[in-house]
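Novice:
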């Protein structure tokens, strides 16, 4: 019996020693961010950017009841908008000449890929060089989300081959794998990149009015593309939905890799389709 107790105590002591050692090692590994080199941070962030992209593409395989319900609502809402696609396109294109050129130009330049990555890269590099984890994480969120959604929209443009409104073709004209950019209407790249940025940046603020302001700035490029006849209304609405889903997925993934940059849990935004006589739109409820 004494031998059994001795063996038990020896094993217990060994187990405690091992636990203390692992805890000590864990504390050394998870040293404060300020003690890490920028190269270590850059490598860590690069891996998480790629991980975020992969996480986005794997999400549909893990959707549950509420997720499929949301997906069904988006599809149903888009179906309703499809009924008025041509009328909506005519309406927006008629407004073009009444819109100040500076606003139309902003919509084009801000939604362009090269300008998008200049912004997201600047946010990330600011966080990296100042060793500010909040801005590093935000930069990773922006770059990973834009890359995941951007790749999806490039592939979708080629596969779907939907004719742009300005071609004079009907809303149901499709030519998969086209040679001409005139058949790259769905989805809207400018919408995806601009609203992805806006939605990600809005997560950093808690004031609903500030969020609304950021969303509004992010929605100017999508609307500008409607003015130019580059996209149908359904192209833009679905692209906004893709942006939101992508950012939410990447943000969830990064929560497992970084400390949360949000001072308190951000309120979820409920997006509702608002269709009625003489009006159509998407309403965000904070």
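Numbering (the numbering used here), first residue to last: 8 to 293.
Glycine included, every Cβ here is placed at the ideal spot set by N, Cα and C.
Note that the structure is a prediction, hence the values are computed from the model and not measured.
1) Leaving out five residues before and five after residue 118 in sequence, what residues of the same chain have Cβ atoms less than 6 Å from its Cβ?
2) Just the Cα atoms here: how many angstroms apart are residue 104 and residue 268?
3) For residue 125, does the count of other Cβ atoms within 10 angstroms reach 16, so buried, or fall short, so exposed?
4) Nearest-angstrom Cα distance between residue 108 and residue 236?
5) According to the neighbour-count rule (16 or more other Cβ atoms, all chains shown, within 10 Å of its Cβ), is residue 231 buried or exposed?
6) Please check the pair residue 203 and residue 153, which I expect to be a contact at CB under 8 Å, by giving their CB distance rounded to whole angstroms.
7) Would a C-beta distance cut-off of 8 Å place residue 62 and residue 265 closer than the cut-off?
8) Report yes if the C-beta distance between residue 247 and residue 59 is below 8 Å; otherwise report no.
9) Just mark residue 82 as buried or exposed, buried being the case when its beta carbon has 16 or more other beta carbons within 10 Å.
10) With distances taken Cα to Cα, identify the nearest neighbour of residue 241 among 145, 175 and 91.
11) Tell me, please, which residues DSSP counts as bridged to residue 144.
12) Report the residue from 113, 80 and 212 whose alpha carbon sits nearest the alpha carbon of residue 226.
13) Would you tell me roughly how many angstroms separate the C-alpha atoms of residue 131 and residue 115, rounded to the nearest one?
14) Have a look at residue 140 and residue 52 and give me their C-alpha separation to the nearest angstrom.
15) Taking 8 Å as the threshold (C-beta atoms), are residue 56 and residue 143 in contact?
16) Would you tell me roughly how many angstroms separate the C-alpha atoms of residue 208 and residue 224, rounded to the nearest one?
17) Rounded to whole angstroms, how far is the Cβ of residue 179 from the Cβ of residue 168, which I believe are closer than 8 Å?
18) Can you tell me where the alpha helix (DSSP H) with residue 92 in it begins and where it stops?
19) Would you say residue 267 faces chain D, with C-beta separation under 8 Å as the test?
20) Since I believe residue 96 is in contact with residue 172 (beta carbons under 8 Å), could you give me their beta-carbon distance rounded to a whole number of angstroms?
21) My guess is that residue 134 and residue 145 are in contact by the Cβ rule of under 8 Å, so how many angstroms apart are they, rounded?
22) Tell me, to the nearest whole angstrom, how far the beta carbon of residue 250 is from that of residue 156; I am working on the premise that it is less than 8 Å.
23) With respect to the alpha helix (DSSP H) encompassing residue 212, which residues constitute its N-terminal and C-terminal limits?
24) Where residue 217 and residue 211 are concerned, what is the direct C-alpha to C-alpha distance, given to the nearest angstrom?
25) Give me the Cα-Cα distance between residue 43 and residue 262, rounded to the nearest whole angstrom.
Specialist: Concretely, from the data shown:
1) Residues of the same chain with a CB within less than 6 Å of the CB of residue 118, apart from the 5 flanking positions on each side, are 197, 200, 201 and 228 in chain order.
2) CA-CA distance, residue 104 to residue 268, rounds to 42 Å.
3) So residue 125 ends up on the exposed side.
4) Approximately 15 Å between the Cα atoms of the pair.
5) Of the other Cβ atoms in all chains shown, 16 or more fall within 10 Å of the Cβ of residue 231; this residue is therefore buried.
6) Sure, about 5 Å apart at Cβ, within 8 Å.
7) It is not a contact, given that the beta carbons lie outside the stated cut-off.
8) Against a cut-off of 8 Å, the Cβ pair of residue 59 and residue 247 comes out as no contact.
9) Around the Cβ of residue 82, a 10 Å sphere holds fewer than 16 other Cβ atoms; the residue is exposed.
10) Among 145, 175 and 91, the Cα nearest to that of residue 241 is on 91.
11) Its beta-bridge partners do not exist; DSSP assigns none.
12) Measuring from the Cα of residue 226, the nearest candidate turns out to be 113.
13) Near 23 Å, if we compare the C-alpha coordinates of residue 115 and residue 131.
14) Answer to the nearest angstrom: the Cα atoms are 10 Å apart.
15) Not in contact: residue 143 and residue 56 (Cβ atoms no closer than 8 Å).
16) Answer to the nearest angstrom: the Cα atoms are 11 Å apart.
17) With 8 Å as the limit, residue 179 and residue 168 do not qualify as a contact, their Cβ atoms being about 12 Å apart.
18) From DSSP, the alpha helix (DSSP H) with residue 92 extends over 92-102.
19) Note that chain D does not occur in the displayed structure, where there is just one protein chain.
20) Confirmed, about 4 Å.
21) Rounded, the Cβ-Cβ distance is 7 Å, consistent with contact.
22) Yes, residue 250 and residue 156 are in contact; Cβ-Cβ is about 6 Å, under 8 Å.
23) No alpha helix (DSSP H) holds residue 212; DSSP gives it neither H nor E.
24) Within the model, the alpha-carbon separation for residue 217 versus residue 211 is close to 10 Å.
25) The C-alpha of residue 262 is placed about 20 Å away from the C-alpha of residue 43.
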